[in-house]
Structures are given as C-alpha cells and as structure tokens.
Amino acid sequence: VNPDLARERKNATFNPEDLSIILYGKENLELRRKIFKEISEDPNFAKAKMFPTMSRDEVYEEAVRIFGALQRKMKEHGYVKGCFDTYALQHYYYKNAAFIGTYPFSVHTDMYAPTIKGQGTDEQIAEFLPKAETYQHIGTYAQTELGHGTFIRGLETTATYDKNTEEFVIHSPTITSIKYWPGGLGKTSNYAVVMAQLIIDGKNYGLHPFMCQLRDLKTHQPLAGIELGDINRKFGYEVVDNGYLRFFHYRIPRTNMLMRNAKVSKDGEFSRQAIPQVTYLTMSYVRMGIVQEVATLLAQAATIATRYSAVRRQTANSQGIEPQILDYQTQQMKVIPAICTSYAFFFNGFEVRKIYDSVMAAVEKGDVSRLPEMHSLTSGLKAYCSDVSCDLVEICRRSCGGHGYSNASGITRIYQLLVPCCTFEGENTVLYLQCARSLMKFLGKAQKGEELPSSLQFLGHLPDV
Amino acid sequence: PPELMSAVKFDMSTLMTAFQLNALRSVLHVASELQTAQKKVNYETAWNNNLQGLVEAAKMYSVYLVAKFFVSALSASQWESRAKAVLTQVCEFYLVNNILDHSGTFLQNDVLNPSQASLLRTRRIELLAELRPNAVALVDAFDYPDRLLNSCLGRYDGNVYEALYEYAKSSSLNQHQVHPSFHKYVKPMRETL
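Protein chains in written order, with our numbering: chain A, 500 to 964; chain B, 71 to 263.
(1) The alpha helix (DSSP H) with M82(B) in it runs from where to where?
(2) For chain A, is any of its Cβ atoms less than 7 Å away from the one on G174(B)?
(3) On the three-pair Cβ rule with 8 Å, is the region 148-167 of chain B touching the region 508-520 of chain A?
(4) Excluding the five sequence neighbours on either side, which residues of its own chain have a C-beta within less than 8 Å of the C-beta of L91(B), listed in chain order?
(5) Taking only beta-carbon positions, decide if T802(A) is within less than 7 Å of chain B.
(6) Secondary structure at M259(B), three-state DSSP: helix, strand or coil?
(7) Expressed to the nearest angstrom, what Euclidean distance is found between the alpha-carbon atoms of S908(A) and L170(B)?
(8) For N118(B), report the span of its alpha helix (DSSP H) as first-last.
(9) Shorter than 7 Å from the beta carbon of G728(A) to some beta carbon of chain B?
(10) Using a cut-off of 9 Å between C-beta atoms, extract the partners of V500(A) located in chain B.
(11) For N703(A), which beta-bridge partners are listed by DSSP?
(12) With distances taken from CA atoms, which of E792(A), Y827(A), P836(A), Q956(A) is nearest C921(A)?
(13) Helix, strand or coil for V738(A), going by three-state DSSP, please let me know.
(14) Quick one: does F252(B) have its CB under 7 Å from some CB of chain A?
(15) Which residues of chain A have a Cβ atom closer than 7 Å to the Cβ of K129(B), listed in chain order?
(16) Does any CB atom of chain B fall closer than 7 Å to the CB of F846(A)?
(17) Take the Cβ of D208(B) as the centre, count every other Cβ of all protein chains shown within 10 Å, and call the residue buried at 16 or more, exposed below.
(18) Can you find a CB in chain A that lies within less than 7 Å of the CB of A207(B)?
(19) Shortest alpha-carbon distance to V133(B) belongs to which of F746(A), G943(A), S878(A)?
(20) Starting from S125(B), find everything on chain A with Cβ-Cβ shorter than 8 Å and list it in chain order.
(21) Please classify F583(A) as buried or exposed, where buried requires at least 16 neighbouring CB atoms within 10 angstroms.
(22) Exposed or buried, G581(A), counting other C-beta atoms within 10 Å across all chains shown (16 or more means buried)?
(23) How big is the Cα-Cα spacing for H647(A) and N510(A)?
(24) Which residues of the region 91-124 of chain B have a Cβ closer than 8 Å to any Cβ of chain A? Give them in chain order.
(25) What does DSSP give as the partner residues of L727(A) in its beta bridges?
(26) In chain order, which continuous runs of the alpha helix (DSSP H) of length 4 or greater are located wholly inside the region 810-882 of chain A?
(27) Give the DSSP bridge partners of G682(A), in chain order.
(28) If you count every other CB in all the chains shown that lies within 10 Å of the CB of E737(A), and 16 or more means buried, which is it?
(29) Quick check on P613(A): buried or exposed, where buried means 16 or more other Cβ atoms within 10 Å of its Cβ?
(30) Evaluate Q245(B) with the Cβ neighbour count: other Cβ atoms within 10 Å of its Cβ, from every protein chain shown; 16 or more gives buried, anything less gives exposed.
(31) Using DSSP's beta-bridge definition, name the partner residues of C711(A).
(32) Is V136(B) close to chain A? Criterion is C-beta to C-beta, closer than 7 Å.
(33) Among F845(A), R936(A), P952(A), L504(A), whose alpha-carbon lies nearest the alpha-carbon of S868(A)?
(34) Let me check you understand the geometry: is the CB of L796(A) closer than 6 Å to at least one non-hydrogen atom of the ligand ZN?
(35) Could you tell me the boundaries of the beta strand (DSSP E) in which G638(A) lies?
(36) Taking the alpha-carbon positions, what's the T795(A) to Y214(B) distance?
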C-alpha cells in the first residue's frame, strides 16, 4: 500500500468498518463482500474488463452474456426467489461483474415488473408476474414519445376499444407519437407496458397502461403491426438498447389493459377505482430509485478523488517537500463537499424510501391521500440530487488534474452514468416546476389551516414569518 | 425566530431553523409574486413570468429536505460513538456549506445577515481542517471494491502511477511500434510537401 494512504488510514479517528455498518447494515455488508469475492474468482466475469475497447454490438452482447451468467449464479447460490425481491442485490452483483451501472434488463426489473405489480389486477399479476420473474417475458415501459416527454397528457398513442372483438387497437397516429427512448426496447424486450390514450366510442378517457407483446416468444421476431429497433448511439449507457416503437393498428385482448385502477368491461363500460394520479406511481418509484442511485455514483467519484488527493504530491514547500494535494485548502474544498454530500444523499435516500414504502402501504389499503406529497417529494429530490451530484462529480474529475480526463480515472464513466439522470424520468427544470406546483397547492391548504404531511409541515409555520 | 436573528454560533438546531425558514420564505415570495401578477394578467401568463422563482422555491424546498433527513437520521441513531462523532462533523459541514452555496437566497430572504454569513464562512474553514484527517477513512467506509471503481487513481492500495503506466501500455494504438497510418498517410503527405 502506498505509504501516504497507509498513514492516512492509521491516523483516522474512527474505524471505517463502523461507518460501513451504519450505511449498509452488518448483514448486507457481509453479503456484499461475499458476492464480490465470488465474482472476482469467477472467470466468467473476467472479460468484462474489455468494455472500453469494444464496439457497441460487442458491448451489448457482453452485457447480456454477463447478466445471464449472473442470474444462473444467483440462483445457484440461492439468492433469488423472485428476482425483484433482490433488486438491490442484483444491481450490486451486476455492477461488480461488469463495471457499469446499468444493463439491458434494467427497465424490466425497475419499471416493467413493478408496474404489473402495482397496476395489474390479482389475475393479471398471477398471469404476467411469474413470467417476468423468470424472464420468459422480458419487458420495458414505453411511455415517452418522440415528440413528447414529461407532459404525459400530451401523449398521442391511442388504444381504441373495439366492442365487437373485445380488443384494443393500439396505434401511433403520427411520427411524433412513436415511442422513443425506453431502455431495452430496441433488441432485448418481447413485451412492453405501453401508455396510451384510452378511447371508447370516440371519447377519450385519458392515459392508461396496456400490456403489448412485441416479439414472438420463440423466434424473437417482431410481430406484425409493430415496427421497433434501437435508437442508435448515445453519450453513455452503451450497454442499453434504448428503442423506438411504432404501432400500426395493432390489436391486443381487452384483458391486456392493466386494470387495478381503472376497468373497461366487455361492452365498453369504463369505470375508475382510484384517482388518475395512481397511474404515475411508477414514475415516483423510479425517481426515488434515482435519488438513491446518484448518491452511490457521487460516493464512488468522491472515493477516487480523495484517495488520489492523498497520493498525489505537488509544488515544493520551503523545506523542499511536495505536500500531498489533500493538504491544500483548495483541494479540500473540492473533495470534502463531495464526501459530505454523498453521506447526506445516502441518508436522504433511506428516508425517501421509508416514506415511499409507507405511502405504498397506504395505497394498497385504498388510502391515496399521500400521493401528492410523494409526487412533490420525488420530483424535487430527483432533480436536486442529480443536479448536485453531476456538478460535484465534475469537480471530483477536475480535482484529479489532467488524469481526471483519462478513462483511467474511472470518473469519466461515472459522469456518463450521472448525466442522463438529469433528463430521464423528467428533465430537471420540468421536475422542479412540478414540485413548485405542488408547493403552491400545499401552501393554499396551509393558509386554510388544513393538516399537512410531514415533509410539508414547514408550510404551516406561517405565523413565524 | 429570535434565536436565529441573534445567533453568533450555529448549532444543528439553529442551522435547521435557517433551512426551514429559507424554504418557507422562498415559497411565500414566489406565491406573493404570482398573486400580484395575477391581478394584471391571466393565471397562465403570471405562472410563465414567475418560472425562475418557482424553480428556486422548489430547489430551496429540496435543499431543506435533504438537510432535514440527514439531521433526523443522525439524531435518531444509536451508533458507535467515534463514527457518530465524525458523521456529526460531516453533517455540520454539509449544512454550513449548503447555506453558503445558496447564500444569495438566504440573505435575500433575510434568514441570515452578512455578518452571520461571514461567521459561517469561518466555520466552514474550521470544519475543513477538522475533517481533513478522516477524509480517506470516510471514503473507505463506502466500501467500494477496486473492481467496481475500475479506476487507476482511486485504487485502495494507492499504487496510482504503476497502474497508469500499465493502462497506457494497454492502449490499442500500442499494438504496433509503427502505426500503419504512418506508411499510409504521413509518409506520402511528407513527400508532397
């Protein structure tokens, strides 16, 4: 070990292990290390080191291969019952094996399956979820369109009910209505949850989720009435086949509309069981995930920048010794905010998760009163945490001087993973405005003396101002 | 609150009061601007003319939330005492640094006065020095293995320069001592000049 780093560790006033236990819990920490050891010793995962020199096709293929090998390994070790119960574990497993923060199946695990769980009826969950958990159905979540993003009421894809055949006719009426960007849509998925405007007898009933089969389950060929493919190269995320999807009057059975929150009967009768905002729960879930994910990416960049700052020496002092750059106040102002913000975001992630879980438990009992709070909270925090993390990772990169620009730093990869977090699941300015709209509504409630949820109770302190 | 107005030293509770008040005043400020604007123009135009203020209010709300969650995690915990002590420093630095990062808003909202901001700047420098000896241990605690970091600079063993040298040698351009482009393009170009 480099003597400077060894000395730093010796002089610390606490044992890092105690802090690791605070962050992960003792059991999880042991499991993380066990998995890491297994992966390090498994030749199946050695080739992944070649990612930076591979073509896009090779990167995609290698990512799919690693994912398959990991699933088998996790099953072999008894880590998986349903893969979605071990979501965090799977992410950790994959990242360690492949050096990258994502994989072509991430929307399948993060959005497709949770949407079935959250928005399907009990019968639909029984039908679709086991197939998703065993990857018989590989799915994605197709909401964003070529010409439409966060403003989801503006989506154009239609699902028109045909009473005669008891089917929905899914159609992309314009070029701007082509589904665009969903991860895994290009080549990986054979199913998608498609968000479309429900139309019955010429009347529009708003946006609803529909299960659409995209490819033949045996041959993986696209089905008739569908055109789909990969959207081509991006700034990063090369392992993911973000895709486009166009429907040409494509028919699906009536029972493929996810009907926990709203139903269409055989004779075309529409009924709603929950408020329309329930449809947006998947987005809140993903935004919560982003809040947690950016904390880990920032912490990785902070780790790299801090260790390097302890090793690197620069500019001789009056005794002719080059000090460690970590001893310069300016360098400290680069790395210490990144370290402290990482910790703040870790704890923030835990709290948001707790709130989300309690809101979901209430929703399952039919209480949807806290959904607006959840929406406001996850919109604001997703935007804020990803903005700040991006800025701080760039500062970490600069804190490594010229070497920070080399892919050898590892920070360039982290930056590529962080940048898209500022635009996917809602561009950050749009999300701040969604949050602000909620704040204005809650302020109105506060002025009327109504009770506010815990994260918004500060608005009730009007007499203090 | 009087304890904030007269503060010459900021403990966690005073700092949190400042965050909360700043978020509240940011929201109230833009709400009042919206209300005034709506007397002259319709709701939509009033909203569009106040977008920057609305974004600022949402940001200050988010800043407040992160601070609140960090402080409440810290106060509710029964952690190992030395780890908790360093986490308390981390938290204080986070709060102070964020107030200073958004000092324009805190001053504009009359949450702080300039001399209090100056006190916080001094405290931030003190905290930098207090955290400096624990910087490496703090990142070690994140427990990221080298394989995940995939970084020559952030290696646990600190053998940075050896790793950078090996990384350079592995460049695909180094597969040939003389790259084929030399004979193909450089030589002919030289001959024509």
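We put the beta carbon where it would ideally sit given N, CA and C, even for glycine.
In this text, all values refer to a predicted model and were calculated from it rather than measured experimentally.
Let me lay it out:
(1) 82-108
(2) no
(3) yes
(4) P71, L74, N179, V181
(5) yes
(6) helix
(7) 30 Å
(8) 113-118
(9) no
(10) Y226, D227, G228, N229
(11) I698(A)
(12) E792(A)
(13) coil
(14) no
(15) Y883, Y931
(16) yes
(17) At residue 208(B) the sequence reads Leu, which differs from the Asp that was named. L208(B) is buried by the Cβ-count criterion.
(18) yes
(19) S878(A)
(20) One point to set straight first is that residue 125(B) is Val, not Ser, in the sequence displayed. Near V125(B) (Cβ distances below 8 Å), the residues of chain A are T928, Y931, L932, A935.
(21) The predicted position of F583(A) is uncertain, since its pLDDT is 42 and thus under 50; a value taken from the coordinates is nonetheless stated next. When all chains shown are included, F583(A) counts as buried.
(22) With a pLDDT of 45 at G581(A), under the threshold of 50, the predicted position of this residue should be treated as unreliable, though the coordinate-derived value follows. Exposed is the call here.
(23) 55 Å
(24) L91, A93, L94, R95, V97, L98, V100, A101, L104, L121, L124
(25) L744(A)
(26) 828-863
(27) BP columns for G682(A) are empty, so no partner.
(28) buried
(29) buried
(30) exposed
(31) A691(A)
(32) yes
(33) P952(A)
(34) Among the components modelled here there is no ligand, and therefore nothing to report on the ligand ZN.
(35) 638-641
(36) 10 Å
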